[in-house]
Amino acid sequence: LFYTRVAPSKTFDVLKEDFDYYLIVIVLAALLISSYVTKKLASQKAQKQAWK
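Sequential numbering from 1 applies to the sequence shown in UniProt numbering.
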């Protein structure tokens, strides 16, 4: 059995120093909020359909 660690010669997976972390946080928060709102709306629609 042969085992060796292989690493790339360049740092392609390292974030730049000026990476916009705040934008990522805002986008993730927007996705979470929209997911929650969509879940609530779907629940309300299902409840309305059940009462018809």
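The beta-carbon is built from N, C-alpha and C at its ideal position, and this holds for glycine as well.
Determine the DSSP secondary structure at Val6, reduced to helix, strand or coil. On the sequence shown, residue 6 is found 6 positions in, with the first residue counted as 1. Coil.
Which value, in whole angstroms, describes the spacing of the CA atoms of Val37 and Leu31? Locating residue 37 in the sequence shown gives position 37, where the first residue counts as 1. Locating residue 31 in the sequence shown gives position 31, where the first residue counts as 1. Taking the straight line joining both Cα atoms gives about 10 Å.
Which residues in the same chain have their Cβ closer than 7 Å to the Cβ of Ala42, if we skip the five residues on either side of it in sequence? If you number the sequence shown from 1, residue 42 lands on position 42. Cβ within range, chain order: n/a, list empty.
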